[in-house]
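Student: Would you mind keeping the following structure in view while I ask a few things?
Numbering (our numbering), first residue to last: 53 to 363.
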């Protein structure tokens, strides 16, 4: 069931302050008869300001203090694949997530990657990290001690895959993907963002070529990968500007949904995000197979989806 709410900027600030005070005192939000209303399953905020949208969706999920406690270490995983519009997570979204983690008392917020060398320079990932304000943990792809070999017990295609150890080396893990086109899997969101944690050699094996059935193979591999990685404690997905063709690097056609989405459900997140760029989420092999793996809800009508207008 979807609920739409329209807030002016003044109303949003007032509501956020009230919600923050309630969370801080542990009172929660009342739903009558002394009960505490559970947070929505998914929140989407629409408006021209990515920072305001990001703060709005996290506040609606109960505030960052519902996910991050004082003194905790937080690892984040954005998608940074270049400087063309719509191919990398908006740095304003990532920066706001980092700021909210610090406001909640996080002792350290870290950005994880195995990418280095010329790709690092070409994609301007260093600039992206600097803009976010997070520190960097760069995992050496050649250091075998930094990679966990994960057995994929119920894999459709994968039998095993290597995932870097730093994914588990924090108190809280927040995925900060964006929604966009991808030549190898038709769609990129939070499920595929996990390829940023798996070994580059394994990633290449997901798609030995870019033709025909290999697209389906890659999507099945991503669904399998998601069965063995650490589940996100929170997802904050960027849909401000989305690449809709020639992904993942662009340049290509772009859409401007001007949205930020927050949830803890990987499948629901990608179903919602796919719809923002004119894909039918339940028909995307990667999303459907992840649902069949039991990783999340594919039918948004079964969830409490809240859509906010931040004007």
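Using N, Cα and C, we set each Cβ at its ideal position, and we do this for glycine too. These numbers come from a predicted model, not from an experiment.
1. Measuring alpha carbon to alpha carbon, tell me which residue in 194, 287, 209 and 179 is nearest residue 364.
2. To the nearest whole angstrom, what separates the beta carbons of residue 322 and residue 333, a pair I think is in contact under 8 Å?
3. For residue 151, report the span of its alpha helix (DSSP H) as first-last.
4. Measuring CB to CB, does residue 211 end up less than 8 Å from residue 237?
5. By Cβ distance, which residues of its chain are closer than 6 Å to residue 258, with the 5 residues on each side in sequence left out?
6. Return the chain-ordered list of same chain residues with a C-beta closer than 6 Å to the C-beta of residue 135, the five sequence neighbours on each side being excluded.
7. Between the region 296-312 and the region 273-282, are three or more C-beta pairs nearer than 8 Å?
8. Once the 5 residues before and after residue 307 are set aside, which same chain residues still bring their CB inside 6 Å of it?
9. Have a look at 196, 112, 102 and 105 and flag the residue whose alpha-carbon is nearest the alpha-carbon of residue 316.
10. Beta-carbon separation of residue 185 and residue 150 under 8 Å?
11. Run through the DSSP bridge pairs and tell me what residue 203 is partnered with.
12. Between which two residues does the beta strand (DSSP E) carrying residue 163 extend?
13. Assuming residue 283 and residue 313 are in contact, meaning their beta carbons sit under 8 Å apart, how far apart are those beta carbons, in whole angstroms?
14. Spatial neighbours of residue 347 within its chain, please: C-beta separation below 6 Å, excluding the five flanking residues on both sides.
15. Is the beta carbon of residue 339 sitting closer than 8 Å to the one on residue 243?
16. Keeping to the same chain, check which residues put their C-beta closer than 6 Å to that of residue 343; ignore five residues upstream and five downstream.
17. Three or more C-beta pairs under 8 Å: does that hold for the region 125-139 against the region 157-175?
18. Under three-state DSSP, which class holds residue 355?
19. Assuming contact is defined by CB atoms lying nearer than 8 Å, are residue 228 and residue 130 in contact in what I supplied?
20. Give the DSSP bridge partners of residue 289, in chain order.
Tutor: In short:
1. Outside the displayed span of the chain (53 to 363) sits residue 364, for which this structure offers no information.
2. 6 Å
3. 143-155
4. no
5. 270 and 273
6. 176
7. no
8. 294, 296 and 329
9. 112
10. yes
11. 212
12. 160-165
13. Not quite, the Cβ-Cβ distance comes to about 17 Å (not below 8 Å), so this is no contact.
14. 278, 318 and 319
15. yes
16. 319 and 350
17. yes
18. coil
19. yes
20. 313
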